[in-house]
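Taken in order, the sequence shown gives residues 62 to 566; the numbers are from our numbering. For every residue, glycine included, the Cβ atom is placed at its ideal position computed from N, Cα and C.
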Amino acid sequence: MPEQDSLSKWHFIRPWHPRLSLFVKEITSVSATFVIVSLAGRDHFEPDDGPTPTSDQSVVPDPLSKGVSVKVNGTPWPKCLARLSDNADEAMIIVYGLMPGRHYDIELGLIAGEKLRGQIVTETVASDGARSNSDSTPQVGVFSSAASRSLVVDHSPSPPSPSPPSTPCGGPSYSSQTFEDYLGSLRLSLSHLQAEHETLSNSLKSARRDSQKAQAAQRTEISSLKRAAQKHSAGDTRMRQKARALEEAVKQAVKGREDVEAEYALLEATRVEQEAELADALRRFEEARIRAEEWRTRREKAEEETGNKLQGAKAELAAVEARLEKLRAKRERLEGRPGEADGEEDDSSNLGAPASGGGLVGELEAKLREMSLERERIEADPCGQVIGVPSYCDEAEKSAGGDVRPPGHNRHSARSKRSAHSHQHSHSRAATHSSPTSASTARQSPTLQRTHTARGSGSGSGKGSITRRKSSPPPHSQAEKSALSLNAPPFEPGSVKGKGNRGGR
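1) Using a threshold of 9 Å, state whether the C-beta atoms of Val91 and Met160 are closer than that.
2) Measure the alpha-carbon distance for Pro229 versus Thr239 and round it to whole angstroms.
3) Alpha carbon to alpha carbon, what distance is there between Glu440 and Leu421?
4) Which residues share a DSSP beta bridge with Thr136?
5) Could you work out which residue in Ser99, Ala256, His164 and Gly128 is closest to Gly135 when comparing CA atoms only?
6) Ordered along the chain, which non-local residues of its own chain (more than five positions away) have a Cβ less than 6 Å from that of Cys444?
7) Indicate, with yes or no, if the ligand PLP has a heavy atom lying under 8 Å from the CB of Ala349.
8) Assuming Leu171 and Val133 are in contact, meaning their beta carbons sit under 8 Å apart, how far apart are those beta carbons, in whole angstroms?
9) Roughly how many angstroms separate the alpha carbons of Gly373 and Thr367, rounded to a whole number?
10) How is Val321 classed by DSSP in three states: helix, strand or coil?
11) What is the DSSP secondary structure of Val91, reduced to helix, strand or coil?
12) Could you please give the first and the last residue of the uninterrupted alpha helix (DSSP H) stretch that includes Gly245?
13) So, under 8 Å CB-CB, Val131 and Leu83 are touching, yes? Tell me the CB distance rounded to an integer number of Å.
14) Mapping the DSSP letters down to three states, classify Ala159 as helix, strand or coil.
15) Would you report the Cα separation of Leu265 and Gln273, rounded to the nearest angstrom?
16) Report back the beta-carbon spacing between Asp166 and Ala268 to the nearest angstrom; my notes put them in contact at under 8 Å.
17) CB Leu142 to CB Tyr157, shorter than 9 Å?
18) Starting from Val444, trace the beta strand (DSSP E) both ways and give me its first and last residue.
19) Buried or exposed for Val85, going by 16 or more other Cβ atoms inside 10 Å?
20) Can you tell me whether DSSP reads Gly423 as helix, strand or coil?
21) What's the C-alpha gap between Phe95 and Thr260?
22) CB-CB under 7 Å to Glu386, same chain, minus the five flanking residues each way: which ones, in chain order?
23) Which value, in whole angstroms, describes the spacing of the CA atoms of Ile88 and Glu309?
24) Short check: CB of Ala93 to CB of Ile155, under 9 Å?
25) Less than 6 Å between C-beta atoms, sequence neighbours within five positions excluded: which residues of the same chain meet that for Val98?
26) The beta strand (DSSP E) spanning Gly170 covers which residue range?
27) With DSSP run on the structure shown, which of helix, strand or coil describes Ser433?
28) Give the secondary structure of Ser489 by DSSP, where H, G and I count as helix, E and B as strand, and everything else as coil.
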């Protein structure tokens with residue numbers, strides 16, 4: 062019996078995997094902090110059982126070596142942090158990025174299959190009392206050693222685990238469990254499962270309530286957002302219209318910029334062409350200016366030469382005019398003045414004799430007429446030459462004696478002679494014309510002619526006429542008369558000649 066009693070004593074057997082416990086260390090409005098610790102060597106040991114077995118290896122990093130999965134409301138949550146303590150006997154997991162005042166279902170699990178689910182409500186504002194009581198936060202759940210088994214939060218006290226105490230590593234383990242003990246363990250497991258079922262049901266109900274509340278809050282928020290959207294719909298419409306107008310303006314600006322750039326490129330090309338044309342025009346302008354300077358120089362030189370020629374021509378013209386004036390004066394001197402010619406013409410018209418020109422030409426013409434009349438008279442009455450002396454002999458003597466007179470006196474004497482001769486010729490001509498009428502008149506004509514001749518000569522020279530035959534010129538032969546008539550200028554009446562001179566002047 063004593064041996065049987067010693068064999069039937071309970072022994073603790075260490076499970077295959079160490080038991081891990083999860084504690085909530087801190088909950089804030091936006092995060093939750095969890096701590097995972099190992100329960101090996103801490104639970105289900107009595108003080109009488111002897112020394113607590115220890116292990117040289119760390120029990121926390123081994124299950125966490127494959128990783129930890131975190132899900133929030135059934136969705137993988139990437140915003141989490143994990144860290145091991147220096148002693149490697151606990152691990153800290155921080156879940157952040159939560160919204161204040163909402164319910165979250167956080168699920169922590171190992172990659173090997175162990176996981177823990179529980180509901181956590183974040184605080185709106187984290188208080189100092191919650192932070193001070195973080196060490197006394199109740200245990201949320203415990204990871205079991207079974208891979209397919211999950212434990213949740215259990216706030217009710219539970220009896221100690223029926224598993225026997227563990228023995229030192231490597232030592233033999235003996236099980237003296239009976240049917241009743243096994244039945245009791247099953248009942249205990251059933252009670253735990255029922256409690257877990259109730260807990261899960263309560264959790265499901267609370268989750269439904271939380272989801273309904275969340276849905277209601279979401280509906281309320283959606284309705285408030287709809288009202289806000291409806292309230293700001295007009296402004297939103299205006300802003301959209303403005304945005305569309307701005308987009309259209311931007312498009313127009315872009316199009317205008319493209320047009321301006323194209324036009325700028327065209328203008329730039331045109332500017333280059335115009336600059337080339339301007340350079341060509343400037344070059345041609347310089348060439349034209351150089352040619353203009355050359356032609357201006359030539360023109361100035363030509364003008365200077367023309368001016369010199371003009372000055373020479375003017376000087377020559379002045380000389381010609383002076384010569385012309387001299388010739389005119391000489392012509393007047395030879396032909397006589399217009400006034401004198403007019404006076405003589407009047408006298409001739411009064412006497413019935415033809416007018417003769419003034420000046421030396423007139424005197425010569427008068428002498429020529431006188432000589433022709435004398436010749437006719439002599440031819441008509443040759444006997445009359447012995448009695449009377451022709452007047453041209455006296456005139457020849459006078460001219461011979463008057464050569465010694467001064468030049469100023471010749472003209473005056475010529476005028477007096479011309480008046481005397483004209484008077485004598487008129488009487489002689491009258492006598493000649495009257496000779497055919499009667500013989501007595503013809504016989505008396507030499508006496509009358511001699512008387513008139515004496516008077517004319519006396520008035521011209523102041524001396525008596527001397528009847529000398531030898532002083533008269535010898536009679537001219539027929540050849541000499543023809544030569545004299547050919548050399549003489551054509552006869553013109555004094556009136557016609559005077560009019561021609563006046564018209565020319």
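Let me lay it out:
1) As a working mapping, residue 91 is identified with position 30 in the sequence shown. As a working mapping, residue 160 is identified with position 99 in the sequence shown. Yes, the Cβ-Cβ distance between Val91 and Met160 is below 9 Å.
2) As a working mapping, residue 229 is identified with position 168 in the sequence shown. As a working mapping, residue 239 is identified with position 178 in the sequence shown. With a pLDDT of only 36 at Pro229, under 50, the local geometry of the prediction cannot be trusted, and the value read off the model is given with reservation. Cα-Cα distance, rounded: 24 Å.
3) One-based indexing of the sequence shown puts residue 421 at position 360. One-based indexing of the sequence shown puts residue 440 at position 379. Looking at the two C-alpha atoms, the distance is approximately 28 Å.
4) Here residue 136 refers to the residue found at position 75 of the sequence shown. Thr136 is bridged to Val133.
5) By 1-based counting over the sequence shown, the position of residue 135 is 74. Scanning Ser99, Ala256, His164 and Gly128 for the CA closest to the CA of Gly135 turns up His164.
6) Numbered from 1 along the sequence shown, position 383 holds the residue referred to as residue 444. Once the five neighbours on either side are set aside, Cys444 has no close Cβ partner at all.
7) Within the structure as shown, the ligand PLP is missing, as the structure has no ligands at all.
8) Reading the sequence shown from its first residue, position 110 is the one you call residue 171. Reading the sequence shown from its first residue, position 72 is the one you call residue 133. 17 Å between Cβ atoms; not a contact.
9) As a working mapping, residue 373 is identified with position 312 in the sequence shown. As a working mapping, residue 367 is identified with position 306 in the sequence shown. If I take the Cα positions, the gap works out to 10 Å.
10) Stepping through the sequence shown from its first residue, residue 321 is reached at position 260. Here Val321 sits in helix by DSSP.
11) Counting from one through the sequence shown, the residue named residue 91 turns up at place 30. Residue state, collapsed to three classes: coil.
12) For the purposes of this step, residue 245 is identified with residue 184 of the sequence shown, where counting begins at 1. Residues Phe240 to Lys292.
13) Within the sequence shown, numbered from 1, the residue matching residue 131 stands at position 70. Within the sequence shown, numbered from 1, the residue matching residue 83 stands at position 22. With 8 Å as the limit, Val131 and Leu83 do not qualify as a contact, their Cβ atoms being about 12 Å apart.
14) Looking up residue 159 in the sequence shown gives position 98. The sequence given here has Leu at residue 159, not Ala. In the structure shown, Leu159 sits in coil (DSSP, three-state: anything other than H, G, I, E or B).
15) As a first step, residue 265 is located in the sequence shown; it is residue number 204 there, counting from the start. As a first step, residue 273 is located in the sequence shown; it is residue number 212 there, counting from the start. Whole-angstrom Cα-Cα distance: 12 Å.
16) Here residue 166 refers to the residue found at position 105 when the sequence shown is read from its first residue. Here residue 268 refers to the residue found at position 207 when the sequence shown is read from its first residue. About 6 Å separates the CB atoms of Asp166 and Ala268; that is less than 8 Å, so the two are in contact.
17) Numbered from its first residue, the sequence shown carries residue 142 at position 81. Numbered from its first residue, the sequence shown carries residue 157 at position 96. Between Leu142 and Tyr157, the CB-CB gap stays under 9 Å.
18) Sequence index remark: in the sequence shown, residue 444 carries index 383 (1-based). For the record, residue 444 in the displayed sequence is Cys; it is not Val. It is not in any beta strand (DSSP E) - Cys444 carries neither H nor E in the DSSP assignment.
19) Along the sequence shown, read from residue 1 onward, the residue named residue 85 stands at position 24. By the neighbour-count rule (16 or more Cβ atoms within 10 Å), Val85 is buried.
20) Start at 1 with the first residue of the sequence shown, and residue 423 comes out as number 362. Gly423 carries a helical assignment under DSSP once its states are collapsed to helix, strand and coil.
21) By 1-based counting over the sequence shown, the position of residue 95 is 34. By 1-based counting over the sequence shown, the position of residue 260 is 199. The alpha-carbon atoms of Phe95 and Thr260 are separated by roughly 21 Å.
22) On the sequence shown, position 325 is the one that residue 386 refers to. Closer than 7 Å at the Cβ level, and outside the excluded window around Glu386, lies no residue.
23) For the purposes of this step, residue 88 is identified with residue 27 of the sequence shown, where counting begins at 1. For the purposes of this step, residue 309 is identified with residue 248 of the sequence shown, where counting begins at 1. Between Ile88 and Glu309, the C-alpha separation is close to 53 Å.
24) Translated into the one-based positions of the sequence shown, residue 93 becomes position 32. Translated into the one-based positions of the sequence shown, residue 155 becomes position 94. It is a contact, given that the beta carbons lie within the stated cut-off.
25) What you label residue 98 is simply residue 37 of the sequence shown in a count that begins at 1. Cβ within range, chain order: Ser82 and Glu151.
26) The residue labelled residue 170 in the question sits at position 109 within the sequence shown. Element bounds for Gly170: His164 to Leu171.
27) Against the sequence shown, residue 433 aligns to sequence position 372. Here Ser433 sits in helix by DSSP.
28) Counting from 1 along the sequence shown, the entry for residue 489 is found at position 428. Unreliable placement is indicated for Ser489, whose pLDDT of 42 sits below 50; no coordinate value is reported for it.
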